[in-house]
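The sequence shown maps to residues 76 to 453 in this note's numbering. Built from N, CA and C at the ideal position, the CB exists for glycine as well. These notes are about the structure you will find just below.
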Amino acid sequence: MAEVAVTLFIIALVVCVPVLVIGITVFVVLRRNKKGREAWGKTAQKLNFQMPNPKQLKMTGNYDNCEVIASIRVENVRSSESNSKAYFTYCISEFREPLRFLLDVSSPKGYFSGSGTISTGNQNFDNKFRAKCYDPNILRNLLMSDFPSDRSQNLMGDLMLAAQSFGTIKISDNSIYVERRGIVTDENVLHQMIEMTARLGNRFSAAREKFPLAEWEKQLFKNWEAFANENRLNFNKQKCRLQGNYKNFLLLVELKTNKEKWQTNIEVRFPKSLMVGLKIMPENAVHKALTWVGLQDIEVGIKEFDDTFIVKAENVPRAKYMLGPDVCRRLLSLNKNASTLLVDDQTMSFTYDTMIGDKYALESTVKEMTTTANLLAG
Numbered sequence: 076m077a078e079v080a081v082t083l084f085i086i087a088l089v090v091c092v093p094v095l096v097i098g099i100t101v102f103v104v105l106r107r108n109k110k111g112r113e114a115w116g117k118t119a120q121k122l123n124f125q126m127p128n129p130k131q132l133k134m135t136g137n138y139d140n141c142e143v144i145a146s147i148r149v150e151n152v153r154s155s156e157s158n159s160k161a162y163f164t165y166c167i168s169e170f171r172e173p174l175r176f177l178l179d180v181s182s183p184k185g186y187f188s189g190s191g192t193i194s195t196g197n198q199n200f201d202n203k204f205r206a207k208c209y210d211p212n213i214l215r216n217l218l219m220s221d222f223p224s225d226r227s228q229n230l231m232g233d234l235m236l237a238a239q240s241f242g243t244i245k246i247s248d249n250s251i252y253v254e255r256r257g258i259v260t261d262e263n264v265l266h267q268m269i270e271m272t273a274r275l276g277n278r279f280s281a282a283r284e285k286f287p288l289a290e291w292e293k294q295l296f297k298n299w300e301a302f303a304n305e306n307r308l309n310f311n312k313q314k315c316r317l318q319g320n321y322k323n324f325l326l327l328v329e330l331k332t333n334k335e336k337w338q339t340n341i342e343v344r345f346p347k348s349l350m351v352g353l354k355i356m357p358e359n360a361v362h363k364a365l366t367w368v369g370l371q372d373i374e375v376g377i378k379e380f381d382d383t384f385i386v387k388a389e390n391v392p393r394a395k396y397m398l399g400p401d402v403c404r405r406l407l408s409l410n411k412n413a414s415t416l417l418v419d420d421q422t423m424s425f426t427y428d429t430m431i432g433d434k435y436a437l438e439s440t441v442k443e444m445t446t447t448a449n450l451l452a453g
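Here is the structure:
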């Protein structure tokens with residue numbers, strides 16, 4: 076009887092312990108999530124931020140004239156034994172105007188980040204941060220010039236202070252990103268993250284305004300402004316953006332940066348929707364085309380075009396009629412130098428991995444796009 080009792084006890088233990096562990100884990104997770112929602116809700120209320128979905132840990136708002144997003148990201152962690160999830164709390168803010176430095180500053184530095192990294196001359200900073208810019212002198216001036224605040228003497232000091240609090244910091248021409256491992260459930264820490272993100276965003280924006288225009292910027296502005304004046308368009312120098320009505324189409328031209336390269340994005344908006352459910356994208360963007368559920372594939376019968384593009388539509392006969400030989404030829408020509416292309420019922424958008432600073436090159440590209448758009452619109 077004693078042996079039977081011991082056996083039953085062991086069986087009960089084997090069954091109950093995993094259930095107990097699961098129960099405790101679920102309780103801890105639910106309690107943590109509840110605590111997190113309460114902290115985020117209180118912080119959002121204090122800062123007058125918005126939480127679009129109270130059940131999700133995400134808030135957006137304006138802090139010290141800087142738009143900030145705070146949220147959680149999840150990363151799958153795989154090992155030989157099991158799969159799990161890692162959680163990170165992050166804040167991101169876009170600069171008021173693009174910096175136009177091809178800037179890429181990040182921490183931690185990592186083991187394989189030596190290629191292209193610029194030394195600032197400050198060993199402590201260089202050990203913590205990977206830094207890149209199209210001009211080493213601009214990078215050093217940006218980070219090390221006297222630009223005192225109540226906490227530091229320059230932007231390098233700001234970043235060194237931020238690195239003490241955050242596991243990850245990333246700065247590009249367009250935004251500042253900071254991150255901590257885990258779900259932040261402390262109101263003070265969450266507030267600190269938002270405050271630091273906005274502070275760095277404002278500091279970098281203010282520092283950029285102190286820089287004189289480079290010679291290439293002066294020439295580009297001169298050419299784009301001339302194109303704008305000739306065609307009654309608006310030219311925003313700070314954002315490096317052309318905008319307005321061009322030959323009955325809404326036109327948007329922007330100079331951007333992405334992963335250490337200049338990009339010129341040109342978008343033409345049709346006067347009214349084509350109303351055929353049209354989607355055109357290069358074959359190499361097939362992963363995006365997979366999201367076009369419910370649309371039918373189209374082949375227009377021109378081999379080079381069919382081999383180059385994925386074409387889908389709701390109204391297939393109408394779409395085929397619109398994609399005549401002249402339109403196909405023009406789209407192929409425009410696509411040759413483009414890194415991305417997308418045509419839908421509302422817009423025709425191209426991105427070129429270069430700075431189109433020459434007035435005549437810009438004018439030629441825009442004219443070809445609007446001519447093609449006009450043929451599509453009928």
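Quiz item: Would you call the segment 117-135 and the segment 278-295 in contact, with 3 or more CB pairs under 8 angstroms?
Solution: no
Exercise. Return the residue from the list Tyr427, Val259 and Asn263 that minimises the CA-CA distance to threonine 339.
Key: Tyr427
Quiz item: For tryptophan 458, which beta-bridge partners are listed by DSSP?
Solution: No answer is possible for residue 458: the residues shown for the chain start at 76 and end at 453.
Quiz item: Ordered along the chain, which non-local residues of its own chain (more than five positions away) have a Cβ less than 8 angstroms from that of valine 447?
Solution: According to the sequence provided, residue 447 is threonine. The question's valine does not apply to it. These residues qualify, in order along the chain: Val402, Arg405, Leu406, Leu409 and Met423.
Quiz item: So what does DSSP say about asparagine 151, is it helix, strand or coil?
Solution: strand
Exercise. May I have the straight-line CA-CA distance separating alanine 413 from glutamate 358, to the nearest angstrom?
Key: 13 angstroms
Practice problem: Starting from the C-beta of aspartate 201, find all residues in its chain whose C-beta is less than 7 angstroms away, skip the five residues before and the five after it, and write them out in chain order. | Solution: Ser194 and Thr195
Exercise. Assign lysine 314 to one of three DSSP states: helix, strand, or coil.
Key: coil
Practice problem: Report yes or no: do the segment 298-305 and the segment 247-262 share at least 3 C-beta pairs separated by less than 8 angstroms? | Solution: no
Practice problem: Could you please give me the residues that DSSP links to lysine 387 through a beta bridge? | Solution: Lys354 and Asp372
Quiz item: Using a Cβ-Cβ cut-off of 8 angstroms (strictly less than) and excluding sequence neighbours within five positions of leucine 236, which residues of its own chain qualify?
Solution: Arg226 and Ser227
Practice problem: Grab the span of the alpha helix (DSSP H) containing serine 227 for me, first residue to last. | Solution: Element bounds for serine 227: n/a, residue is neither H nor E.
Quiz item: Touching or not, the segment 430-441 and the segment 350-357, by the rule of three or more beta carbon pairs under 8 angstroms?
Solution: no
Quiz prompt | 3 or more residues per run - each beta strand (DSSP E) lying fully within the segment 389-441 | solution = 415-419 and 422-427
Practice problem: Return the Cβ separation of isoleucine 385 and methionine 356 in integer angstroms, given the expectation that the two are a contact with Cβ distance under 8 angstroms. | Solution: 5 angstroms
Self-check item: Endpoints, the alpha helix (DSSP H) within which valine 218 is located
Solution: Before going on, a small fix: residue 218 reads as leucine here, not valine. Start and end: 211-219.
Quiz item: Assuming asparagine 277 contacts glutamate 169 under a Cβ cut-off of 8 angstroms, what Cβ separation, rounded to an integer in Å, is found between them?
Solution: That pair is no contact at about 12 angstroms.
Self-check item: Contact set for serine 182: own chain, Cβ-Cβ below 6 angstroms, skip 5 residues either direction
Solution: Lys203, Phe204, Ala238 and Ile244
Quiz item: CB-CB under 7 angstroms to isoleucine 213, same chain, minus the five flanking residues each way: which ones, in chain order?
Solution: Phe176
Quiz prompt | C-alpha distance - tyrosine 138 paired with arginine 148, whole-angstrom precision | solution = 21 angstroms
Practice problem: Using 10 angstroms around the beta-carbon of aspartate 433, count the other beta-carbons present and answer buried if the total reaches 16, otherwise exposed. | Solution: exposed
Quiz item: Which partner residues of methionine 134 appear in the DSSP bridge assignment?
Solution: Ala145
Practice problem: Report yes if the CB atom of tyrosine 162 is closer than 8 angstroms to the CB atom of isoleucine 269, and no otherwise. | Solution: no
Quiz prompt | aspartate 179: first and last residue of the uninterrupted beta strand (DSSP E) it sits in | solution = 179-182
Quiz prompt | Where asparagine 249 sits in the DSSP three-state scheme | solution = coil
Practice problem: Pick helix, strand or coil for lysine 207, following the three-state DSSP scheme. | Solution: strand
Quiz item: Where arginine 171 and asparagine 309 are concerned, what is the direct C-alpha to C-alpha distance, given to the nearest angstrom?
Solution: 18 angstroms
Quiz item: Distance, Cα to Cα, serine 224 vs leucine 275?
Solution: 11 angstroms
Practice problem: Work out the CA separation of threonine 415 and methionine 219 for me, nearest whole Å. | Solution: 37 angstroms
Quiz item: How many Å lie between proline 400 and lysine 160 at the Cα?
Solution: 51 angstroms
Quiz prompt | DSSP three-state assignment for threonine 445, whether helix, strand or coil | solution = helix
Quiz item: Apart from the five residues just before and just after threonine 332, which ones in its own chain have a Cβ nearer than 6 angstroms to its Cβ?
Solution: Leu177 and Asp248
Exercise. Buried or exposed for cysteine 152, please, with buried defined as at least 16 other CB atoms from any protein chain shown within 10 angstroms of its CB.
Key: According to the sequence provided, residue 152 is valine. The question's cysteine does not apply to it. Label assigned to valine 152: exposed.
Quiz prompt | Whole-angstrom distance between glycine 453 and glycine 369, CA atom to CA atom | solution = Model confidence at glycine 369 stands at a pLDDT of 49, short of 50, so the residue's coordinates are unreliable and nothing is read from them.
Quiz prompt | Three-state class that DSSP yields for threonine 243 in the structure shown | solution = strand
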